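Numbered by full-length UniProt numbering, the letters in the sequence shown go through residues 1 to 106 in order. Below is one structure, written out as structure tokens; comments come after it.
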Amino acid sequence: DSNNSGMSAETLAMQNETDHQMWEMKILQVMFTIQSQVPTLSQDVRNGLRQRGHAVHLFGENPAQIRQRLTRVMAEEQHQQESSRQTNNHTNNHNNNNNNNNNMYA
Numbered sequence: 001d002s003n004n005s006g007m008s009a010e011t012l013a014m015q016n017e018t019d020h021q022m023w024e025m026k027i028l029q030v031m032f033t034i035q036s037q038v039p040t041l042s043q044d045v046r047n048g049l050r051q052r053g054h055a056v057h058l059f060g061e062n063p064a065q066i067r068q069r070l071t072r073v074m075a076e077e078q079h080q081q082e083s084s085r086q087t088n089n090h091t092n093n094h095n096n097n098n099n100n101n102n103n104m105y106a
């Protein structure tokens, strides 16, 4: 990555850890906000996991843990979609600004 070319290995590791912590915090925030959207019936929880390509039951999980895992999967999906939208909006705004600047000199 060109942005990290001047960083030491220790600095890069610290940056990666910070990025991971920020990701975790954002996921937890989304998990909290979507809690009411996550199904509560066991069959619906299993179907939600199955539809997303995840294991229906991991060894040792109880129903609350399975639902929590679905909540996390849904939160990660939503966060990924929001990040993609923001990236697309930023790209579109950047392109629009370039077009406006080009029109000024035409």
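By construction, the Cβ of each residue, glycine as well, lies at the ideal position given by its N, Cα and C atoms. The model shown is predicted, which means the values in this text are computed figures rather than measured ones.
Check your understanding: Along the chain, where does the alpha helix (DSSP H) that runs through Gln-21 open and close?
Key -> 9-34
Review point. Distance, Cα to Cα, Arg-52 vs Asp-19?
Key: 25 Å
Check your understanding: Count the other CB atoms within 10 Å of the CB of Arg-46; is the residue buried (16 or more) or exposed (fewer)?
Key -> buried
Check your understanding: Residue ranges of each beta strand (DSSP E) run of no fewer than 3 residues wholly in the UniProt domain "Pre-mRNA processing factor 4 (PRP4)-like" (40-93), ordered along the chain?
Key -> none
Exercise for review: Tell me whether Gly-48 is buried or exposed, calling it buried when 16 or more other Cβ atoms sit within 10 Å of its Cβ.
Suggested key: buried
Exercise for review: Report yes or no: do three or more beta-carbon pairs, one from the stretch 54-61 and one from the stretch 5-16, lie closer than 8 Å?
Suggested key: no
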